[in-house]
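This is the structure:
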């Protein structure tokens, strides 16, 4: 779980998610964030910072129901066979 309470923007949420995974600041631009569900990869395309903020604002809850998939690829989730890293927002 990642606490994003009070995050003022999608950029701040992105930074918190990637920091939780110990991704250095200088490497963060090469990672993409996708909405997901447990047991699957991405739902739709990579999230913009604005869309990430909207999702967290509109659907985030204390139970961590909103799930994200962090991909090391800037524009797509990895293909099958990749071991995913899961985090909640």
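Residue numbers (my numbering): 41 to 129. Positions of the beta carbon are idealized from the N, C-alpha and C atoms, including for glycine. Keep in mind that this is a model prediction, so the values were computed, not measured.
Bounds of any alpha helix (DSSP H) do not take in residue 81, whose DSSP letter is neither H nor E. Boundaries cannot be given for residue 44, as no alpha helix (DSSP H) includes it and DSSP labels it neither H nor E. The beta-bridge partner set that DSSP reports for residue 75 consists of 83 and 108.
Straight-line measurement puts the Cα of residue 53 at about 8 angstroms from the Cα of residue 89. By a beta-carbon distance limit of 8 angstroms, residue 93 contacts residue 49. Their separation comes to about 6 angstroms.
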